Structure formats: structure tokens, C-alpha cells
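Line order of the protein sequences matches chains S and Y. Throughout the first sequence, residue numbering follows my numbering, covering 9 to 161 in sequence. Throughout the second sequence, residue numbering follows my numbering, covering 9 to 161 in sequence.
2 protein chains.
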Amino acid sequence: MRDVKVTPIKNGTVIDHITPGMALNVLKIIGIPDTGVQSTVSVLMHVPSRKVKWKDIVKVEDRELDKSQVDKIALIAPNATINIIRNYNVVEKHSVEPPKEVVGLVRCENPNCITNKPREPVRSRFSVTCRDPLKLKCHYCDRELGDIAKNLL
Amino acid sequence: MRDVKVTPIKNGTVIDHITPGMALNVLKIIGIPDTGVQSTVSVLMHVPSRKVKWKDIVKVEDRELDKSQVDKIALIAPNATINIIRNYNVVEKHSVEPPKEVVGLVRCENPNCITNKPREPVRSRFSVTCRDPLKLKCHYCDRELGDIAKNLL
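What follows is the structure, given as C-alpha cells:
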């Protein structure tokens with residue numbers, strides 16, 4: 009058992025194959041520590057992976073994610089897999105879906121963009137100009153987004 | 009083995025009994041992610057503990073901490089224990105030491121304090137007014153520090 013880095017959890021969610029370096033951003037997306045930590049959360053960074061060279065893993069006990077959280081994870085960790093665990097068994101396993109369009113998940117970096125005007129109720133909207141690595145362009149002002157992780161809403 | 013949340017590491021440092029909620033601040037103190045993650049790092053938050061009710065744990069493979077990092081951890085996690093692991097064995101185990109005086113580790117919150125003047129080469133210096141919970145008072149301006157974790161240098 010000495011080499012096993014990933015111990016099983018009884019109930020909850022395992023987010024596996026996270027792009028290395030992105031684990032702390034995934035934590036932010038699922039509201040940690042802002043909304044408080046009521047169940048055990050494990051974060052593994054820079055773990056050797058068979059599929060890719062390195063990966064990060066986040067395990068959250070007794071919690072499942074909502075759609076907007078999964079969609080945001082897809083933006084920063086396009087190879088992530090979401091495993092739902094119940095009574096030590098993986099009852100669901102799916103990959104995150106690369107988006108075709110990104111609506112209401114990230115902020116445009118252009119301060120003058122209409123989506124950043126406090127009085128305008130316009131949701132941000134980006135088209136995907138490159139899928140790997142993911143590149144987004146604002147639907148309204150055409151500005152390409154430099155740093156997706158930093159601009160998550 | 010199903011209940012074992014803490015898997016052993018071959019070489020490195022295990023920081024155990026961290027005050028719950030402080031794991032991400034301990035990461036910051038040891039320079040993660042700012043200085044990059046070159047070895048596997050595991051973070052466990054809100055883990056049941058026999059000694060106290062809940063604790064956080066941080067494990068860093070292939071790294072040992074320097075004195076200033078250990079001293080900073082003592083400020084935000086006064087019950088932490090530092091375990092140095094070599095070839096799966098704990099070769100050193102010690103508690104962090106509660107400080108008598110805190111020099112050069114935290115910033116005074118008073119913007120007018122002499123320790124915050126860019127031209128004055130004065131290191132911050134605090135006396136300990138309460139040990140549990142830790143409360144610090146600036147040696148120069150007498151201001152009590154409100155949030156230690158936020159003001160770590």
C-alpha cells in the first residue's frame with residue numbers, strides 16, 4: 009500500500025486528471041475555503057499519471073458538484089474526469105465537456121466591455137477560438153481572454 | 009485500509025495537526041504555488057483528529073522546511089507538528105514553538121507604522137499579548153494585529 013497516494017472516500021466527488029497547477033483553482037471554483045469546509049477535502053498536486061505525465065486531484069467528501077462548477081472546471085482543466093462516489097463505489101464517471109461557447113462563467117478583461125458595465129445587465133459571452141489550449145474571445149468586444157483561471161466568475 | 013486518509017510518503021515533510029482552515033495558508037508559507045510545485049504535495053482539510061476535533065494536514069514530498077517557514081506556521085497553527093520523513097520513517101518529529109516575540113515575520117496593519125515606511129529599514133517586531141489564541145502587538149506603534157494569516161511577510 010505504500011505507493012498508493014489516492015485513498016478511497018466513502019461518499020463524494022473525485023475530480024481526477026486535473027491539469028497540473030490547477031488544483032487550487034478547482035478548489036476556488038467549488039467554493040473552498042470561501043463557503044467553509046464542512047467535510048474532508050483532499051488536494052493532491054503534481055501526482056505522477058499514466059495517461060499524462062503529471063496531474064492534480066481534488067477529492068471532496070459528502071458533496072457533489074453543480075453544473076456551473078463542472079463547466080468552470082472544464083475551462084481550466086479540460087482533461088478532468090468527475091467521479092461520483094457512493095459507498096466506496098464509483099457510481100458515475102464522466103469527462104468534463106469542452107465548451108462550444110462560454111456564457112456567464114468568466115469575466116472579460118476589457119474594462120470597457122459592455123459586460124463589465126455595472127448598469128448593463130449583459131452576461132459575459134465568449135466564443136472558443138482554439139480548443140487545445142483553450143482560447144476564448146469575447147462575443148461583444150472581440151478581446152481575447154489572457155488568463156481564464158484569474159477571470160472566473 | 010479504507011479509512012486511512014493519510015498515506016505515507018517516502019521522503020519529505022508532513023505538517024500535521026494544523027488548525028482546521030489553515031492548510032491553504034500553510035501552503036502559502038511554504039511557497040505554493042508561487043515557487044512552483046516540483047514534487048507531490050498533498051493537502052487534507054477538515055480531517056477527524058483524536059487529539060482535537062478536526063485538523064488539516066500538509067505533506068510535501070522531497071522537501072524540508074527552513075526555520076522562517078516553521079516559525080510562520082507556529083503563528084497560524086500553534087499545535088502543528090513537523091515530521092521529517094526519510095525512506096518512509098519519521099526521522100524527526102517536533103512541535104512548532106510558540107513565539108515569545110515575532111520579528112520580521114508579519115506586517116503591522118498600521119500604514120503609518122515606522123515598519124511600513126519604505127525608506128526606513130526597520131523590521132517589524134511584535135510582542136505576544138496572549139498565547140492562546142495568539143495575539144500580537146506591534147513593538148513600535150502598539151497596534152494589535154487583527155489578522156495574522158493575512159499579514160504574513
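Ideal placement from N, C-alpha and C gives every residue a C-beta, glycine not left out. Note that this is a predicted model, so its numbers are computed, not measured.
**Q.** Contact set for Y/V60: own chain, Cβ-Cβ below 6 Å, skip 5 residues either direction
**A.** For the purposes of this step, residue 60 of chain Y is identified with residue 52 of the second sequence, where counting begins at 1. Nothing meets the Cβ criterion.
Q. Ordered along the chain, which non-local residues of its own chain (more than five positions away) have a Cβ less than 7 Å from that of Y/C121?
A. Position 113 of the second sequence, counted from the start, is the residue given in the question as residue 121 of chain Y. If we look at Y/C121 and ignore the five residues flanking it on each side, its Cβ neighbours are C146, Y148, C149, R151.
Q | Per-residue contacts from S/L144 into chain Y (C-beta, under 7 Å) | A | Taking the first residue of the first sequence as position 1, residue 144 of chain S is located at position 136. Chain Y residues near S/L144: none, gap ~23 Å exceeds 7 Å.
Q. Unbroken beta strand (DSSP E) runs of length 3 or more, entirely within the segment 64 to 91 of chain S: which are they?
A. none
Q: Please confirm if the segment 105 to 120 of chain S is in contact with the segment 61 to 81 of chain S, defined as three or more CB-CB distances below 8 Å between the two stretches.
A: yes
Q) Taking 8 Å as the CB-CB limit, is Y/H25 close to chain S? A) In the second sequence, counting from the first residue as 1, residue 25 of chain Y sits at position 17. No, no contact with chain S.
Q.
Run through chain S and tell me which residues come within less than 7 Å of Y/P41, C-beta to C-beta.
A. Within the second sequence, residue 41 of chain Y is the residue found at index 33, counting from 1. Near Y/P41 (Cβ distances below 7 Å), the residues of chain S are G29, L32.
Q.
Let me see if you follow: with CB-CB separation under 8 Å, is S/T48 close to chain Y or not?
A. Within the first sequence, the letter at position 40 stands for residue 48 of chain S. Taking Cβ atoms only, chain Y reaches closer than 8 Å to S/T48, which makes this a yes.
Q: Tell me whether the beta-carbon of Y/L32 lies closer than 8 Å to the beta-carbon of S/S50.
A: The sequence position of residue 32 of chain Y within the second sequence is 24, counting from 1. The sequence position of residue 50 of chain S within the first sequence is 42, counting from 1. Contact flag unset, no.
Q: Measure from the C-beta of S/V60 to each C-beta in chain Y and report whether the shortest distance is under 8 Å.
A: On the first sequence, residue 60 of chain S is found 52 positions in, with the first residue counted as 1. Not one chain Y Cβ lies under 8 Å of S/V60.
Q: Using DSSP bridges, identify the partner residues of S/K145.
A: In the first sequence, the residue the question calls residue 145 of chain S occupies position 137. For S/K145, which the question treats as bridged, DSSP gives the partners S/S135, S/E152.
**Q.** Residue-level contact to chain S via CB, Y/L1, 8 Å cutoff
**A.** Outside the displayed range of chain Y (9 to 161) lies residue 1 of chain Y, so it cannot be described from this structure.
(Q) At the 8 Å Cβ level, is Y/V45 part of the contact set with chain S, yes or no? (A) As a first step, residue 45 of chain Y is located in the second sequence; it is residue number 37 there, counting from the start. Judged by the 8 Å Cβ criterion, Y/V45 is in contact with chain S.
(Q) Just to make sure I have the definition right: I need the residues of chain Y whose C-beta is within less than 7 Å of the C-beta of S/H161. Which are they? (A) Here residue 161 of chain S refers to the residue found at position 153 when the first sequence is read from its first residue. According to the sequence as given, residue 161 of chain S is Leu; it is not His. Neighbours of S/L161 on chain Y: none; closest Cβ ~21 Å, over 7 Å.
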